[in-house]
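Novice: One structure follows; several queries about it will come next.
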Amino acid sequence: MTLRLFGVTLLAATAVAKEVVVLSTANFSETVGTKLWLIKFYAPWCGHCKRLAPVLDEVAAAAKGDISFGKVDCTIDDRLCTTYGVKGFPMLMVIQAPTRWVYNGRRKKDDLLTLVARMQMPAVRPLQSASDLEQAMEGEMGSPVVFMQGRSAGAADASAATEALAAFDAAAHTLKHTDVFVSAAQPELLRKLMGGTELPTLPFVARLERGEEPRLLTEVATQASIEAFVGTQRVPSFSLADDSNFGTLMNVPKGNGFMPLALLLLDPESTGKDGPLTMDASFEGVGGALRTLSREPALRDQFVFAMACGAEFEEYLKEIYFIDRSTLPRLIVLWKGDYFLGFFTTLRSFFVDTPGEAADAASMRAFLERVASGAEGFGEFEGRAGAPARWWRLAKGYMPQLHTLDWLPRGTFVLPPVLLVIYLLFKLMSAPDAEYYERELAELQGARQQAMAKAAPQVEPLKSKKGN
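Under mature numbering (1 follows the signal peptide of the UniProt record, and there is no 0), the residues of the sequence shown are numbered -17 to -1, 1 to 451, in order.
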């Protein structure tokens, strides 16, 4: 998308390339001021920080427009980093006082240059023609998602429409670092937007994705409702997962937690095509079957859908999930945050289908419906919390007879150690205190003395001979 598309012309690059300025507590406020900055908060020992350093230098040298670049060493200025909410390294933050945007997207040179250009554009960009719409549909930063608000003088309540527009503009300003917001008012453009279907009552917000039906938000009342809609609809209906977008796919909000990711693991060799796995695999075979499921409303509202190359993570899949490459394709559901025994945990849990289940749409639908309904039992936790369930699966690998117990929910094999811990805690909490033991000891000593007194021989005192 060209920068002139929305009538925004950025300043040409000066002859002197920009540099990444070293910022500290001493010069931060005065240097940053109210200008637009992209700042890296880092630690020298951090490997990701070291890899990002040359990329940020290249971005600063190539960037155009009125934006500056800086870096803060958090091992030196820890108080400054705490003030800006730094919790991990490296953190990229766009600052234009009083607003801050934390950037968690891709960190390659082209992606950061796109971010730099986007942050210098208006938060909401007007569409004037069908060609503008086509260019907007190409998306930015690898995302095919576009958000639109219809504007019309024919809205039933002009005051409500004005408030909705203000809410939309505010949400766009807050989320401009991650999402593309555009607006359209021409009836013919809106009809093209909706694919020729009947228009909803204006104003409205639509999520567009090429080849998919628009998703609508018709209650455009508050900034919060718009931001919530954008958050849940940010990712494509079906994605090719890799290290650049995996975090985004795992962090799609839903209520107080996150939506589970239904991830299809494929072996590129099984697709019959040479080279790495591409989105072409989502239009045929088992990939096409899962893509079809992603369009079903009942599942679309429950899961984020994606596929990935299982061969690239062969050792990891075998170690963590006990998935052998020879059993691909496999369908796995990853869940960041789940309820376990009534308590919410941020541990990542997972469900794994049985070998051969990811063969067609019907089998995968049945598996996903079991997960969504809870019939699949508790998810197995990654890390130490999931050790009991993994040991059980490992035991089944050596003793096939144990598969006769597969009808039990997966969480069944997590319960014994949990119940043991609860029992030990109960015993610890109900254990007698020191005063109890002192009373018991005193009672025992008293009883002993009484018993000794009763057992002692009765000796009459000698009478005095005096007076006889």
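Think of the CB as a built atom: it goes at the ideal place given N, C-alpha and C, for glycine as much as any other residue.
(1) Would you check if the stretch 229 to 244 and the stretch 183 to 196 touch, i.e. whether three or more CB-CB distances between them fall below 8 Å?
(2) CB-CB under 6 Å to S126, same chain, minus the five flanking residues each way: which ones, in chain order?
(3) CB I78 to CB V55, shorter than 8 Å?
(4) Which same chain residues end up closer than 6 Å to V354 when comparing Cβ atoms and leaving out the 5 residues on each side of it in sequence?
(5) Quick one: does the C-beta of G30 sit closer than 7 Å to a heavy atom of the ligand COA?
(6) Could you tell me how far apart the beta carbons of S265 and G271 are, in whole angstroms, since I believe they sit closer than 8 Å?
(7) Taking C-alpha atoms, which residue in I209, G240, R193 lies nearest to F221?
(8) Taking only three categories from DSSP, how would you classify K47?
(9) Would you kindly report the start and end of the unbroken beta strand (DSSP E) that includes residue 452?
(10) For the pair the stretch 293 to 303 and the stretch 200 to 220, tell me if three or more CB-CB distances fall below 8 Å.
(11) How long is the line joining the alpha carbons of F52 and K92, rounded to whole angstroms?
(12) What residue ranges within the stretch 241 to 270 form continuous beta strand (DSSP E) runs of no fewer than 3 residues, ordered along the chain?
(13) Does the stretch 157 to 176 come close enough to the stretch 103 to 117 to have 3 or more Cβ pairs within less than 8 Å?
(14) Straight-line CA distance for M120 to Y304?
(15) Any chance the stretch 93 to 101 sits against the stretch 39 to 47, with 3 or more Cβ pairs inside 8 Å?
(16) Put G53 into one of helix, strand or coil per three-state DSSP.
(17) Report buried or exposed for residue 454, applying the criterion of at least 16 other Cβ atoms within 10 angstroms of its Cβ.
(18) Is the distance from the Cβ of L19 to the Cβ of M102 below 8 Å?
(19) Grab me the residues of N87's own chain with a C-beta within less than 7 Å of its C-beta, minus the 5 sequence neighbours each way, in chain order.
(20) Output the distance between the C-alpha atoms of P251 and R308, rounded to the nearest integer angstrom.
(21) Identify the residues that DSSP records as bridge partners of Q79: which are they?
(22) I need the straight-line Cα distance from S356 to K319, nearest angstrom please.
(23) Is DSSP giving L191 helix, strand or coil here?
(24) Is DSSP giving F327 helix, strand or coil here?
(25) How long is the line joining the alpha carbons of P338 and D225, rounded to whole angstroms?
(26) Pick out the complete beta strand (DSSP E) segments inside the stretch 273 to 312, 3 residues or longer, and give them in chain order.
(27) Tell me which residue opens and which closes the beta strand (DSSP E) that K18 is part of.
(28) Quick check: what's the CA-CA separation for residue 455 versus L244?
(29) Could you give the first and the last residue of the continuous beta strand (DSSP E) run that contains A9?
(30) Just checking my contact of L282 with L351 at CB under 8 Å: how many whole Å lie between their CB atoms?
(31) Are L223 and L260 close, meaning C-beta to C-beta below 8 Å?
(32) Assuming T14 contacts A80 (C-beta within less than 8 Å), just tell me the rounded distance between them.
(33) Where does the unbroken beta strand (DSSP E) through R198 begin, and where does it stop?
(34) Please report the distance separating the alpha-carbon of E279 from that of R217.
(35) How big is the Cα-Cα spacing for D263 and M347?
Specialist: Considering the structure as presented:
(1) no
(2) Taking the first residue of the sequence shown as 1, we reach residue 126 at position 143. Bear in mind that the predicted position of S126 carries a pLDDT of just 49, short of 50, making it too unreliable to give a figure here.
(3) Residue numbering aside, residue 78 sits at position 95 when the sequence shown is read from its first letter. Residue numbering aside, residue 55 sits at position 72 when the sequence shown is read from its first letter. Not closer than 8 Å, so no.
(4) Here residue 354 is taken as the residue at index 371 of the sequence shown, counted from 1. Answer for V354: V316, F334, listed in chain order.
(5) Absence of the ligand COA from the depicted structure is noted, as is the absence of any ligand whatsoever, leaving it without description.
(6) Here residue 265 corresponds to residue number 282 of the sequence shown, with the count starting at 1. Here residue 271 corresponds to residue number 288 of the sequence shown, with the count starting at 1. Correct: roughly 6 Å between the Cβ atoms.
(7) Looking up residue 221 in the sequence shown gives position 238. Nearest of I209, G240, R193 to F221, Cα basis: R193.
(8) What you label residue 47 is simply residue 64 of the sequence shown in a count that begins at 1. DSSP places K47 in coil when its eight states are reduced to three.
(9) Summary: the structure shown does not reach residue 452, with the chain confined to residues -17 through 451, and so no result is reported for it.
(10) no
(11) Within the sequence shown, numbered from 1, the residue matching residue 52 stands at position 69. Within the sequence shown, numbered from 1, the residue matching residue 92 stands at position 109. Straight-line Cα distance between these residues: approximately 14 Å.
(12) 244 to 249
(13) yes
(14) Numbered from its first residue, the sequence shown carries residue 120 at position 137. Numbered from its first residue, the sequence shown carries residue 304 at position 321. For M120 and Y304, the distance between alpha carbons rounds to 37 Å.
(15) yes
(16) Taking the first residue of the sequence shown as position 1, residue 53 is located at position 70. Of the three classes helix, strand and coil, the one that applies to G53 here is strand, per DSSP.
(17) The first residue shown for the chain is -17 and the last is 451, placing residue 454 beyond what the model contains.
(18) In the sequence shown, residue 19 corresponds to position 36, counting from 1. In the sequence shown, residue 102 corresponds to position 119, counting from 1. It is a contact, given that the beta carbons lie within the stated cut-off.
(19) To locate residue 87, count along the sequence shown from 1; it is residue 104. Result list for N87: G230, in chain order.
(20) Looking up residue 251 in the sequence shown gives position 268. Looking up residue 308 in the sequence shown gives position 325. The straight-line gap from Cα to Cα measures roughly 11 Å.
(21) Start at 1 with the first residue of the sequence shown, and residue 79 comes out as number 96. T82, per the DSSP bridge assignment.
(22) Here residue 356 is taken as the residue at index 373 of the sequence shown, counted from 1. Here residue 319 is taken as the residue at index 336 of the sequence shown, counted from 1. Those two C-alpha atoms are separated by around 17 Å.
(23) Within the sequence shown, residue 191 is the residue found at index 208, counting from 1. L191 falls in the strand class under three-state DSSP.
(24) Here residue 327 corresponds to residue number 344 of the sequence shown, with the count starting at 1. Low per-residue confidence applies at F327: pLDDT is 45, beneath 50, and the placement is therefore not dependable, though the value from the model is reported in the following sentence. Looking at F327 - three-state DSSP - the assignment turns out to be strand.
(25) By one-based count along the sequence shown, residue 338 stands at place 355. By one-based count along the sequence shown, residue 225 stands at place 242. Rounded to whole angstroms, P338 to D225 spans 23 Å at the Cα level.
(26) 287 to 292
(27) Stepping through the sequence shown from its first residue, residue 18 is reached at position 35. Per DSSP, K18 belongs to no beta strand (DSSP E) and is neither H nor E.
(28) Nothing in the structure corresponds to residue 455, since the chain is present only between -17 and 451.
(29) Here the question's residue 9 lines up with position 26 in the sequence shown. That residue, A9, is in no beta strand (DSSP E); it is neither H nor E in DSSP.
(30) Taking the sequence shown and counting its residues from 1, one reaches residue 282 at position 299. Taking the sequence shown and counting its residues from 1, one reaches residue 351 at position 368. Correct: roughly 6 Å between the Cβ atoms.
(31) As a first step, residue 223 must be located in the sequence shown, where it is residue number 240. As a first step, residue 260 must be located in the sequence shown, where it is residue number 277. Contact: yes.
(32) The residue labelled residue 14 in the question sits at position 31 within the sequence shown. The residue labelled residue 80 in the question sits at position 97 within the sequence shown. Contact doesn't hold; Cβ gap of about 12 Å is too wide.
(33) Along the sequence shown, read from residue 1 onward, the residue named residue 198 stands at position 215. Looking at the DSSP string, the run of the beta strand (DSSP E) that includes R198 is 198 to 200.
(34) Looking up residue 279 in the sequence shown gives position 296. Looking up residue 217 in the sequence shown gives position 234. So the two alpha carbons sit approximately 18 Å from each other.
(35) On the sequence shown, residue 263 is found 280 positions in, with the first residue counted as 1. On the sequence shown, residue 347 is found 364 positions in, with the first residue counted as 1. C-alpha separation (whole angstroms): 20 Å.
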